Amino acid sequence: MAAPNPSIELARLDKLVRAGLPPIVAITGPSDFFRSKAIERLLKAVPEEAELRHVDGADLKASNADAEEDAPVGAVLAPELQDLRGGGLFATRSFVAVRRGSAWWQKHSAAIAELAPKIPDGSGLLLEAAKLDKRKKAAAALVKELIAAGAFFEFRDLYELPFDRDLGPLQGELCKWVLVCSKKLGVPLTPESAVLLVAQVGKSPGELIAELERLKSQFGADPVGAPLAPKDLAGKLTVSFESTPFEFAGAVLSGDRKAAQRSLSAMFARGVRQQDGKVMDTGGLLPFTSSWLFRQMGQVYEGRVLLDSGVSMRDVPGRAGVRQFADRFLEQVKQCSIAKLNRGVTALHACQRKSRLHGTDPEVLLERFLAQWFDGAAIETAEELEL
76 MAAPNPSIEL
86 ARLDKLVRAG
96 LPPIVAITGP
106 SDFFRSKAIE
116 RLLKAVPEEA
126 ELRHVDGADL
136 KASNADAEED
146 APVGAVLAPE
156 LQDLRGGGLF
166 ATRSFVAVRR
176 GSAWWQKHSA
186 AIAELAPKIP
196 DGSGLLLEAA
206 KLDKRKKAAA
216 ALVKELIAAG
226 AFFEFRDLYE
236 LPFDRDLGPL
246 QGELCKWVLV
256 CSKKLGVPLT
266 PESAVLLVAQ
276 VGKSPGELIA
286 ELERLKSQFG
296 ADPVGAPLAP
306 KDLAGKLTVS
316 FESTPFEFAG
326 AVLSGDRKAA
336 QRSLSAMFAR
346 GVRQQDGKVM
356 DTGGLLPFTS
366 SWLFRQMGQV
376 YEGRVLLDSG
386 VSMRDVPGRA
396 GVRQFADRFL
406 EQVKQCSIAK
416 LNRGVTALHA
426 CQRKSRLHGT
436 DPEVLLERFL
446 AQWFDGAAIE
456 TAEELEL
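Take any residue in the sequence shown, note its place counting from 1, add 75, and you have its number in our numbering.
Below, the structure is given as structure tokens:
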């Protein structure tokens with residue numbers, strides 16, 4: 076069964092906190108952002124008079140846990156868990172908060188399972204980890220008990236698209252979450268603006284919140300004002316992720332316009348790192364990007380010719396010299412017809428000619444190429460470019 080919307084999980088956590096912290100609460104799932112929100116709420120709920128110990132599980136290497144796989148239950152008890160035995164020297168109530176605790180849990184899960192029923196009222200273990208290993212019987216049984224007690228929370232990433240793909244990203248969880256957050260921060264957005272924000276900034280909730288905070292500093296907070304439309308955000312948004320010509324070419328040939336535009340914006344906003352880690356000069360981006368894209372188009376063209384000539388689909392990658400990511404290559408071959416690839420090469424040549432003849436901004440040229448590739452926009456002829 077899939078984990079519920081993270082917002083629903085947070086609401087369930089709030090209900091648990093109001094009722095009082097149980098002996099053990101587990102916060103799991105792939106979303107770092109929502110796990111952090113959850114553990115912060117748990118820490119605020121710890122009574123002021125209680126003794127609270129913090130443990131960073133990242134300090135423990137997961138490899139150390141394998142040596143104890145066959146150890147008897149209770150043989151290894153983490154020193155910090157001693158605080159949960161009761162009878163503390165300075166406090167009668169103790170809490171241990173473990174962050175990034177996947178490896179820590181893997182090493183101590185058997186001891187935790189044995190200790191769980193002995194934790195006195197008013198004390199507890201707050202555990203946050205991306206994943207809890209349940210290969211040990213004691214660990215699996217404890218997780219099952221936590222789920223039954225409502226003390227196990229799983230925070231997944233927000234879905235960008237709804238289950239019904241025909242509805243589009245405006246109905247996705249991520250867009251709706253951005254709308255709620257923007258309203259709370261006093262910079263309400265239209266649904267179209269929320270999608271634009273995601274397309275340019277990325278899917279990370281933390282980066283999206285940071286961008287909304289920047290918009291708040293630019294526009295000021297006005298919770299009752301008219302929502303900001305896409306035209307209001309023109310030139311206002313930043314790009315919070317990096318990309319490369321390889322990702323750009325992959326998005327173009329896979330037919331993913333949004334990913335292609337995001338990649339293009341990222342390359343020119345944040346640069347492309349070379350092998351030595353230094354950022355490539357902006358002047359080199361167009362030659363690098365167009366050269367790689369032309370090469371990839373040629374390979375996909377060869378694959379399409381082979382497929383159209385009757386070569387079996389499973390043999391096409393090998394015949395075209397593709398040794399890695401064969402599945403992705405086949406999807407690109409199926410996506411691109413011979414006519415589309417011919418037109419794409421023509422558009423790319425026009426892009427390069429316009430750069431040499433007129434010195435047009437390379438980002439503008441590549442945006443024009445995207446319009447020609449995805450929307451069928453007109454391609455200038457050599458004669459038109461030389462006028």
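Glycine included, C-beta positions come from ideal geometry on N, C-alpha and C.
These figures come from a predicted structure and were not determined experimentally.
For a test of the three-state rule: what should DSSP assign to residue i, helix, strand or coil?
i: isoleucine 454; result: coil
i: alanine 464; result: What the structure shows of the chain is the stretch from 76 to 462, and residue 464 is not part of that stretch, so it cannot be assessed.
i: phenylalanine 400; result: coil
i: valine 173; result: strand
i: glycine 199; result: strand
i: glutamate 155; result: helix
i: glutamate 317; result: coil
i: aspartate 356; result: coil
i: serine 138; result: Because the pLDDT at serine 138 is just 41, under 50, the model does not fix this residue reliably, and the point stays unresolved.
i: arginine 348; result: strand
i: glutamate 144; result: Reliability of the predicted coordinates at glutamate 144 is poor, the pLDDT of 44 falling under 50, and the value obtained from them is presented with this limitation in mind. Note: glutamate 144 maps to coil in three-state DSSP.
i: leucine 283; result: helix
i: aspartate 297; result: coil
i: aspartate 131; result: strand
i: leucine 303; result: strand
i: isoleucine 194; result: coil
i: leucine 308; result: helix
i: glycine 330; result: coil
i: alanine 77; result: coil
i: glycine 149; result: Legend: pLDDT at glycine 149 = 43, less than 50; position of this residue unreliable, no value from coordinates given.
i: threonine 463; result: Not covered by the structure: residue 463. The range shown for the chain is 76 to 462.
From the options, pick the residue whose C-alpha is nearest to that of residue i; which is it?
i: glycine 300; options: Leu445, Ala422, Gly104 and Ser257; result: Ser257
i: valine 354; options: Phe400, Met342, Phe238 and Ser365; result: Met342
i: threonine 421; options: Ala204, Arg231, Ala452 and Lys193; result: Ala452
i: tryptophan 448; options: Gln336, Arg389 and Pro437; result: Gln336
i: leucine 303; options: Ala334, Gly261 and Lys193; result: Gly261
i: arginine 348; options: Leu272, Ala326 and Glu317; result: Glu317
i: proline 266; options: Lys291, Glu235 and Gly359; result: Glu235
i: phenylalanine 238; options: Asp232, Gly247, Phe230 and Arg231; result: Gly247
i: glycine 95; options: Gly104, Lys119 and Asp107; result: Lys119
i: valine 327; options: Phe404, Thr456, Gly225 and Leu242; result: Phe404
i: lysine 333; options: Lys219, Gly132 and Gly243; result: Gly243
i: aspartate 134; options: Leu432, Trp179 and Leu245; result: Trp179
Rounded to whole angstroms, what's the CA-CA distance from residue i to residue j? Just pull it up for me.
i: leucine 312; j: aspartate 331; result: 21 Å
i: serine 198; j: valine 130; result: 16 Å
i: alanine 191; j: glutamate 84; result: 23 Å
i: arginine 389; j: valine 397; result: 11 Å
i: valine 386; j: glutamate 203; result: 52 Å
i: alanine 446; j: alanine 172; result: 52 Å
i: leucine 88; j: arginine 240; result: 30 Å
i: alanine 101; j: leucine 217; result: 10 Å
i: aspartate 307; j: lysine 112; result: 30 Å
i: arginine 175; j: aspartate 297; result: 37 Å
i: valine 270; j: tryptophan 252; result: 11 Å
i: proline 81; j: glutamate 115; result: 15 Å
i: arginine 128; j: alanine 185; result: 21 Å
i: lysine 155; j: serine 329; result: Rather than lysine, the amino acid found at residue 155 in this sequence is glutamate. Cα to Cα, the separation comes out at about 51 Å.
i: leucine 249; j: lysine 206; result: 23 Å
i: serine 169; j: aspartate 196; result: 10 Å
i: alanine 125; j: isoleucine 187; result: 20 Å
i: glycine 464; j: lysine 259; result: Residue 464 lies beyond the range of the chain shown here (76 to 462); nothing can be said about it.
i: phenylalanine 109; j: isoleucine 413; result: 46 Å
i: glutamine 427; j: serine 365; result: 8 Å
i: proline 122; j: lysine 291; result: 34 Å
Take residue i and list the residues in its own chain whose beta-carbon comes closer than 6 Å to its own, dropping the five residues that flank it on each side.
i: tryptophan 367; result: Pro320 and Ala324
i: leucine 441; result: Leu339
i: isoleucine 194; result: Pro98 and Leu159
i: arginine 93; result: none
i: phenylalanine 227; result: Ala101 and Leu221
i: histidine 546; result: Because the chain in this structure spans residues 76 to 462, residue 546 falls outside the shown range and cannot be described.
i: glutamate 322; result: Ser338
i: isoleucine 469; result: Residue 469 lies beyond the stretch modelled for the chain, which goes from 76 to 462, so this question has no answer here.
i: alanine 401; result: Pro392
i: leucine 200; result: Ile99 and Val171
Looking only at its own chain, which residues have a Cβ that is under 7 Å from the Cβ of residue i, when we skip the five neighbours before and after it?
i: isoleucine 284; result: Cys256
i: leucine 416; result: Met372, Val375, Tyr376 and Arg379
i: serine 430; result: Leu361, Pro437 and Leu440
i: glutamine 293; result: Lys311
i: threonine 435; result: Lys429
i: arginine 231; result: Ala78, Pro81, Gly104, Pro105 and Ser106
i: alanine 215; result: Lys209
i: leucine 254; result: Leu264, Pro266 and Ala269
Please work out which residues of its chain come closer than 8 Å, Cβ to Cβ, to residue i, disregarding the five sequence neighbours upstream and downstream, and give them in chain order.
i: phenylalanine 363; result: Pro320, Val347 and Met355
i: aspartate 383; result: Ile413
Q: Jot down the residue ranges of each uninterrupted beta strand (DSSP E) in the stretch 204-277, minimum 3 residues, whole runs only, in chain order.
A: For the stretch 204-277, whole beta strand (DSSP E) runs of length 3 or above, ordered along the chain, are 227-229.
(Q) Quick check on the DSSP output: what are the complete alpha helix (DSSP H) runs of length 4 or more inside the stretch 373-446, in order along the chain? (A) As far as the stretch 373-446 is concerned, its whole alpha helix (DSSP H) runs of at least 4 residues are 391-394, 401-410 and 413-433.
Q. Which parts of the stretch 79-127 are runs of the alpha helix (DSSP H), unbroken and 4 residues or longer, counting only runs that do not cross its ends?
A. Fully enclosed alpha helix (DSSP H) runs of 4 or longer: 81-94 and 107-120.
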